[in-house]
Every structure is written in structure tokens, then in C-alpha cells.
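Following: one structure in C-alpha cells, then a few remarks.
Residue numbers (the UniProt record's numbering): 1 to 387.
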């Protein structure tokens, strides 16, 4: 926890996942570009069949493109004759539109090769040859399979889980569904996107399956699980990881309470709630809640009830030092990049569970790393130490 506290003090607890999403997009785009080069030249890298062919690979150039999730830096392969015209990242193109959204949709657990091929057809367009699409589908499917089966660390001191709205196109009709993103912070302070799931069953069964999936991939302990009051998730976490402290997202409690407050009173009600979640101790928070009830309970009883109902899963927050409170105050680690997950699935119906785990780039060393805050320092030991 020392590393997390130090980073929270230095950065105010901002732990975004945008870089994880960009690296995932980068991995698939670069694999696709390499496949386009092979298709263009007609032979694999290192294949003697290329000798005397009149063209060959000629290193890579760096190119930054803008996507809906921000800039992505790519290593684009070059051929000696300069005749390759990449389709997925065209020459001189600096904006890729929603290509990253389609790519993220490829991470769906259970998606068939045909589904992946259909999505790639959307990216490449009707002019791409069937052979090229087939070749790209093969390498992308392999990349995604590695992501989906990647083992997790045994311990993540903090796990964030939050809901994200997705637009999914099914038979020409766009519907909105809620996906649930899990991000783990390891003992060295690195962030890992552990999974993205779309509920396909009632809450208790769905969350039991999600948590069991994390355990089956090697996760053995979580110190603090931060979630947004998702029904059934706290019980599922405690059922598999009984020693985990479940911390509800404070921002979600505030937001839910504010739904019952008129616009003109929001400023003073927010000030009243602030005295609750900034209280130095549990006793002080209980007094603040009583004062909040006394001041606003008659006019806004539902807002008070939101706090009362969330109290047991809010109060662990009060045991933490101020620096660590900034880390677990909100599941914003997941929601701040939620726009990047707003995707249109245009292939066959596939509501599957997305697992964009943190295998972002292709070198073996990088595949074992997550995304770290600039000033994280290693935690002194990975064994359980309660804050």
C-alpha cells in the first residue's frame, strides 16, 4: 500500500486507463499492418522465397494517429519500393475515426473467427480482398486469444469495477447495454485491465461467474475492491475472496443522492454531503450524517436514504489515510475513458463477455507489464497488509 499512498499524494489519485486502451489498439493495428506487408510482398519475413523478388521489408517508421480514445503511436512497416498502401492505416491519414472502437469490440469472449472477420470487413471496407481479410483475421484472432487467456497476478491490492454504457448494433438496430470493466492495481502500482463483461444473466449469477473467472486466471487475493454499488457484486467478491474489503464508490453515492435534489438546492446539499465523506473518523462521519438528515431529511428524505443504505460499504473509506482515500474515492479509473468503449458492433449478434486484459505490445517483457503511474514505487511486500 505504501506505493499507492505515495502515488496518490503525488498525483491526486488519478489512475486513468486510456494508455491501456491505446496500447491494446496499437497491438492489433501493428499485427494487422505486418500482415498487410506480408500479403503485399507475397512472402513471410525471413522467407528465402523473397530473394530476388524485387521488393523487401525496409524497417519501420513511427506514425501517430488520432482515435476516439486519443493519440496512438504506431510502428508502421515499410517496403523498399515504397509501394505498400496500408488499408487499415492509410498513408497520410492522421485520424482513424472509430477504428479503435471496432478493435476493442474484437476482444469479446466467445466471438468466433467469422465474427472477427465481419468486424474487420467494417474496418477495411468492401475493396479489401477476401484473402487479406482472412490473413488479418487469423493473426488478430491469435492475438486476442493470448489476451483472453493471460494469467493474472496472484495479488492486486486494489480492484476497480465500474459500469460503462455501450452502443451495440444488432441486425441494424443500435441498442444500449452496460459493460463492466475491471482494472487491477498490482503491488508495484501498475494498472492492468483485467476484463470487460456484458451481463448475460441475473446479477448474482453473473457476478459469481465474473469473480470466478478472475480466480481461475490466477488471482488469489484483493485487498480493496472499489465498485459502484452493483447489485450482487459485493457478495460475489466476498464469496470468493472473503478477506477483501468492499468499498463502494463515493462519487456514485453522491451522484445517486443528488438525483433527488432540486437544481437550486444542489450546492448547499453537496456541501452537507461533503462533511460526511471528508470526516476524519467514523464517529465524525456518523455525526455529519445525522446533521445532514436533520437539515435535509424532511425536504429530501430519499437523498438521506441513499447514504443510509450505502453506509456499511462506504465506511471502510474512513479507515484510510487521506492519501489513500484519494485512490479509492471513486471508480473514475474506469469511467474517465468510458467514451473509448462506446462501440458499434456491426457483425453477427455477439453479446459476449469482453476480456481486454493488459497484454498490449508484442515484446515478451512488455507483455508482462501494466501501465504505471509516473511516481509509483514498489510496495515492500506482496503479502496481505491492511491499510
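The beta-carbon is built from N, C-alpha and C at its ideal position, and this holds for glycine as well. As the structure is a prediction and not an experimental result, all values here were calculated from the model.
Contact under 8 Å by Cβ, residue i with residue j
i	j	result
residue 304	residue 296	yes
residue 103	residue 28	yes
residue 124	residue 182	no
residue 223	residue 207	no
residue 65	residue 106	no
residue 226	residue 158	yes
residue 330	residue 246	no
residue 89	residue 67	no
residue 244	residue 237	yes
residue 55	residue 74	no
residue 84	residue 163	no
residue 210	residue 197	yes
residue 137	residue 113	yes
residue 292	residue 264	no
residue 143	residue 217	no
Where residue i falls: helix, strand or coil (DSSP)
i	result
residue 193	strand
residue 305	helix
residue 399	Because the chain here runs from 1 to 387, residue 399 falls outside it and cannot be looked at.
residue 407	Nothing can be reported for residue 407: it is not among the residues displayed for the chain, which extend from 1 to 387.
residue 320	coil
residue 339	Caution applies to residue 339, whose pLDDT of 37 falls short of 50 and renders its modelled position unreliable; the value that the coordinates give is listed next. Three-state DSSP puts residue 339 in a helix.
residue 243	coil
residue 163	strand
residue 232	coil
residue 94	coil
residue 156	strand
residue 261	coil
residue 42	coil
residue 176	strand
residue 199	coil
residue 54	coil
residue 102	helix
residue 187	coil
Beta-carbon contacts of residue i that lie in its chain and below 8 Å, excluding the five residues immediately before and after
i	result
residue 38	44, 45, 135
residue 270	254, 258
residue 307	253, 257, 273, 276, 289, 292, 314
residue 93	65
residue 311	289
Sequence-distant residues of its chain with Cβ nearer than 7 Å to residue i (five each side left out)
i	result
residue 34	77
residue 155	187, 220, 221, 382
residue 58	78, 79, 80
residue 194	152, 182, 183, 184, 214, 357
residue 128	87
residue 325	317
residue 240	211, 212, 215
residue 61	76, 78
residue 389	Outside the shown range of the chain, which is 1 to 387, sits residue 389, and nothing can be said about it.
residue 274	none
Range of the contiguous beta strand (DSSP E) that encloses residue i
i	result
residue 223	221-227
residue 255	Residue 255 -> not in any beta strand (DSSP E); alpha helix (DSSP H) instead, spanning 250-258.
residue 75	70-79
residue 63	57-67
Residue i: first and last residue of the uninterrupted alpha helix (DSSP H) it sits in
i	result
residue 118	113-124
residue 139	130-149
residue 209	203-216
residue 274	266-277
Neighbourhood of residue i by C-beta distance below 6 Å, restricted to the same chain and skipping five residues each side
i	result
residue 300	260, 261
residue 388	In the structure as shown, the chain begins at 1 and stops at 387. Residue 388 is therefore absent and cannot be evaluated.
residue 204	232
residue 96	65, 67
residue 228	162, 249, 252, 331
residue 36	86
CB contact below 8 Å: residue i versus chain B
i	result
residue 62	Of the protein chains in this structure there is only one, and it is not chain B.
Inset, instruction - Could you tell me whether the segment 186-196 touches the segment 255-262, where touching means 3 or more Cβ pairs closer than 8 Å? - result: no
Inset, instruction - Tell me, please, whether the segment 50-65 touches the segment 146-157 by the rule of three or more beta-carbon pairs shorter than 8 Å. - result: no
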